[in-house]
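Under our numbering, think of the first position of the sequence shown as 687, with each following residue one higher.
Cβ coordinates follow ideal geometry from the N, Cα and C atoms, glycine included.
Computed from a predicted structure; not experimentally measured.
What follows is one structure encoded as structure tokens, with my remarks underneath.
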Amino acid sequence: MLPQSSSGARYAFDGIRAQIRDLHTENIANLAVRARELGDVIALWYGEGDMVTPAFIRDAAKAAFDEGLTFYVPNMRGHGPLNEALSEYQTRLHGRPIPIARTTVTPGGMQALYLALELLVDTGTNVVYVAPQWPNIHNAIHLIGGEPRPFSLDFKGDWHLDLDRLFATCDARTRAIFLSTPSNPTGWTASREEMQALLDFSRRTGIWIISDEVYGRLYFDGDVAPSILQIAEDGDRVLSVNSFSKAWAMTGWRIGWLTHPSGVADQLGAMTQYVNSGTAAPIQAGAVAAIRQGEPLVEEIRQRIGTGLDLAYDRLAQIPGVILPAKPRGGMYAFFAMEGESDARRACARILETARVGLAPGHLFGSSATAFLRMCVCREPKEIATALDRMVAAMN
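Now the structure itself:
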């Protein structure tokens, strides 16, 4: 909180880094304040499901507390059982050996992303990121001191990646290309061929690929979305960011992991020591249970999202002027636009007032998404149906 003068006015201290002074956290706060005033609002603007973490995960964490696992975790890169479980899980999921030395456990997927950027980005360098994109990516690059360089997917009824244009956006100062697949917010998912092209480009140029695969299990055309880990070798300049938040209903647990070349394991261990000093042992115990016992849960969440998307696409099509892209292949969002509405903030405010439904405006995800609205569909289907019924009634 900024200090205040005797008159109550806020002021900033001299000497704060420019990257910190310039940080902003523009979000849905204004809409949320209005929602509290209105009451009876169905809030679908957050990227979070409504399912409480299942008992088998909670019980594993409780058991760790009861066993007295309340001390520092000696290995900064993760407690042994979780690193072993992640190695077995990723090896099985991606069909390639991913040894323990390639995984670092972190307090949340955001921490994994931040460590990846800290590993690579210097002041004066840039990261090219595929947009529309979760705003934390742009701001994390900026916070570290790099130049965030957005590259927009093409939209012509669906979202498409122009690889030639993407590669042309890179230059001698580019340290990494960042992409989310499946994407938040669009649901766009890179194909295996696109992943191979990215990997080939990295091998030619030395530019790293950072692949955010947090939504990788929330994929509707198979058990897992195409992953860079399915084709990359240990020596490739590839980092994969992941989290337990979405596919295992563990948003509040703050635990994720970074998959990386074994050759940077020591550096990441040292960084972890100084940035967060490791992830709490009971939290890691819950994550082990999620990995080892959680496949039915992943399928349940995936089916819930699929039902929510079906409802959204069926009902939104009944509203005049709604522009619906092709149904996404992954993720947990319906991302749509309103004909003639160039700034979705107005549409979100109107829908909040008339239908009592909270949606996220697209400008939060970059300039290429200002006309779009994001609806989280990882909810109880009855709640999604009620929200859509309200919107259809209010907007027809």
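Taking all protein chains shown into account, do 16 or more other C-beta atoms lie within 10 angstroms of the C-beta of residue i, making it buried, or fewer, making it exposed?
i            : result
residue 687  : Low confidence applies to residue 687: its pLDDT is 48, below 50, so where it sits in the model is not reliable enough to give any reading.
residue 865  : buried
residue 846  : exposed
residue 1068 : exposed
residue 982  : exposed
residue 1051 : buried
residue 765  : buried
residue 1039 : exposed
residue 758  : exposed
residue 960  : exposed
residue 776  : buried
residue 714  : buried
residue 756  : exposed
residue 824  : buried
residue 859  : exposed
residue 724  : exposed
residue 751  : exposed
residue 808  : exposed
residue 895  : buried
residue 979  : exposed
residue 885  : buried
Give the secondary structure of residue i by DSSP, where H, G and I count as helix, E and B as strand, and everything else as coil.
i            : result
residue 942  : strand
residue 1077 : helix
residue 1024 : strand
residue 822  : helix
residue 898  : strand
residue 692  : At residue 692 the pLDDT is 49, less than 50, meaning the model places this residue with poor confidence; the figure from the coordinates comes in the next sentence. Coil, per DSSP.
residue 992  : helix
residue 955  : helix
residue 754  : coil
residue 961  : helix
residue 950  : helix
residue 1064 : coil
residue 889  : helix
residue 743  : helix
residue 749  : helix
residue 1031 : helix
residue 687  : With a pLDDT of only 48 at residue 687, under the threshold of 50, the placement of this residue in the model should not be trusted; the figure read from the coordinates follows. Note: residue 687 maps to coil in three-state DSSP.
Identify every residue that forms a DSSP beta bridge with residue i.
i            : result
residue 1047 : 1059
residue 905  : 1016
residue 668  : Given that the chain is displayed from residue 687 to residue 1082, the structure contains no residue 668 and the question cannot be resolved.
residue 769  : Per DSSP, none; premise fails for residue 769.
residue 925  : 896
* Asked: Is there contact between the segment 802 to 818 and the segment 847 to 866, where contact requires at least three CB pairs shorter than 8 Å?
  -> yes
* Asked: At what residue ranges does the segment 788 to 820 contain a whole run of the alpha helix (DSSP H), taking only runs of 4 or more?
  -> Counting only runs that start and end inside the segment 788 to 820, the alpha helix (DSSP H) elements of at least 4 residues fall at 795 to 806.
* At 3 residues or longer, and completely inside the segment 828 to 886: list those beta strand (DSSP E) runs for me, N to C. => Listed in chain order, the beta strand (DSSP E) elements of length 3 or more contained wholly in the segment 828 to 886 are 833 to 838 and 860 to 866.
* Asked: Hey, is the segment 940 to 954 in contact with the segment 790 to 798, meaning 3+ C-beta pairs nearer than 8 Å?
  -> The segment 940 to 954 is in contact with the segment 790 to 798.
* Entirely within the segment 705 to 735 and at least 4 residues each: give me those alpha helix (DSSP H) ranges in chain order. => 715 to 724
* To do: Tell me, please, whether the segment 828 to 845 touches the segment 985 to 997 by the rule of three or more beta-carbon pairs shorter than 8 Å.
  => no
* Asked: Given 8 Å as the limit, is there contact between the segment 1071 to 1081 and the segment 1004 to 1015, that is, 3 or more CB pairs closer than that?
  -> yes
* Tell me, please, whether the segment 1022 to 1032 touches the segment 884 to 899 by the rule of three or more beta-carbon pairs shorter than 8 Å. => Counting C-beta pairs closer than 8 Å gives fewer than three between the segment 1022 to 1032 and the segment 884 to 899, which falls short of the contact rule.
* Asked: Just checking, does the segment 796 to 806 make contact with the segment 924 to 931 on the three C-beta pairs under 8 Å criterion?
  -> Contact between the segment 796 to 806 and the segment 924 to 931 is present: three or more C-beta pairs spanning the two stretches fall below 8 Å.
* Counting pairs of beta carbons, one from the segment 1011 to 1027 and one from the segment 899 to 915, are three or more of them closer than 8 Å? -> yes
* If you pair each beta-carbon of the segment 960 to 973 with each one of the segment 1041 to 1050, do three or more pairs fall below 8 Å? -> no
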